[in-house]
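Right, one structure below, let's go through it.
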Amino acid sequence: MKPVYNRILLKLSGEALMGDQDFGISSEVISSYAKQIKDIVDLGVEVGIVIGGGNIFRGLSGAEQGVDRVTGDHMGMLATVINSLALQNSIEKLGVPTRVLTAIEMPKIAEPFIKRRAQRHLEKGRVVIFGAGTGNPYFTTDTAAALRAIEINADVVIKATKVDGIYDKDPVKFKDAKKYKTITYTEVLNNDLKVMDAAAISLCRDNKLPLIVFDSLKEGNIEKVVLGEKIGTMVL
Ligand code: UDP
Numbered sequence: 014m015k016p017v018y019n020r021i022l023l024k025l026s027g028e029a030l031m032g033d034q035d036f037g038i039s040s041e042v043i044s045s046y047a048k049q050i051k052d053i054v055d056l057g058v059e060v061g062i063v064i065g066g067g068n069i070f071r072g073l074s075g076a077e078q079g080v081d082r083v084t085g086d087h088m089g090m091l092a093t094v095i096n097s098l099a100l101q102n103s104i105e106k107l108g109v110p111t112r113v114l115t116a117i118e119m120p121k122i123a124e125p126f127i128k129r130r131a132q133r134h135l136e137k138g139r140v141v142i143f144g145a146g147t148g149n150p151y152f153t154t155d156t157a158a159a160l161r162a163i164e165i166n167a168d169v170v171i172k173a174t175k176v177d178g179i180y181d182k183d184p185v186k187f188k189d190a191k192k193y194k195t196i197t198y199t200e201v202l203n204n205d206l207k208v209m210d211a212a213a214i215s216l217c218r219d220n221k222l223p224l225i226v227f228d229s230l231k232e233g234n235i236e237k238v239v240l241g242e243k244i245g246t247m248v249l
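Taking our numbering, the leading residue of the sequence shown gets 14, the next gets one more, and so forth.
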């Protein structure tokens, strides 16, 4: 089967990396992600990845406990670098060449993010993991995912979540919650649906970048999405 996308930006949640643990990185979850990523690389898809840091530190939660917001956001961005390195390690163990490019320079650990360099790596079939978010406080890794997707001319952002799509209300709390197959960015913003923050949604909408929200914890789902199977919710 042929993939329907040539180049994708995959957004992985940091929080989902914990698996059953209360903190840190579950080796099961990260290995499952790595395997699923290898499977789509083998299909010929060029893969950029942004991974969150919520399993380690979030600036907003830190601020609630008295950490200065900007300092907390710096800590959060560094958390995404830890996750990026862990993911790189797991993907490379499967024999797939991978580069981590960071928005905050740390040349002893990773390459700095330079758009042309990222594109070159992708053209050569390397998985590119974008660490340290946008490099700015007060942003999220969802916004980083939207931004990097636009910069690398990705065909689509695919956002892995714990839920299997976008619902009109919380499906955990409400049994009659209805899942959308497709929805527009304007509807997401107007109905304040918690898909991504408004900055990320606006970036995608203004740049006509489609988004697919799906459940990543079921192994094989990332491949289904790139093969064009209609799982999850498509936002246009
Ligand atoms: N962060 C930031 N700027 C960015 C991206 C992330 O300051 O461009 C910080 C912010 O504190 C955030 C943390 O990094 O809470 C971790 O990212 P996020 O909460 O998006 O991770 P996820 O929810 O996907 O695990």
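Glycine residues also receive a C-beta, built at the ideal position from the N, C-alpha and C atoms. Since this is a predicted model, take the numbers as computed values, not measurements.
Residue pairing of Y180 in beta bridges, as defined by DSSP: K192.
Note that the C-beta distance between V176 and A158 is not below 7 Å. Taking the C-beta atoms as reference points, L56 is found no nearer than 7 Å to P110. A direct Cα-to-Cα measurement between V58 and Y18 gives close to 7 Å. Contact check for I21 and D168: beta-carbon distance about 6 Å, within the 8 Å limit, so the pair qualifies. Boundaries for V17: no beta strand (DSSP E) harbours it, and the DSSP string shows neither H nor E there. Counting every other CB atom within 10 Å of its CB across the protein chains shown gives S97 a total of 16 or more, marking it as buried. The continuous stretches of beta strand (DSSP E) do not include E242, and DSSP gives it neither H nor E. When the beta-carbon positions are compared, I38 and A131 stay at least 7 Å from each other. DSSP places A173 in the strand class (E or B) of the three-state scheme. Proximity of the region 188-206 to the region 149-156 falls short of the contact definition, fewer than three beta-carbon pairs being nearer than 8 Å.
If you check the C-beta of F152 against the ligand UDP, you find a heavy atom less than 6 Å away.
Rounded to whole angstroms, E41 and K48 show a C-alpha spacing of 11 Å. Straight through space, the alpha carbons of G89 and I117 are spaced by roughly 12 Å. Of all C-beta pairs linking the region 174-189 to the region 210-230, three or more are shorter than 8 Å, placing the two stretches in contact. For V140 and L23, the gap between their C-alpha atoms comes out near 11 Å. Going by C-alpha positions, L107 is about 7 Å away from K51. By the criterion of a C-beta distance shorter than 8 Å, A76 is surrounded in its chain by R82 and G85, once the five residues flanking it on both sides are discounted. With respect to the C-alpha of I69, the residue from F36, E236, V63 and S44 having the closest C-alpha is F36. Per DSSP, the beta bridge partners of T115 are P125 and G144.
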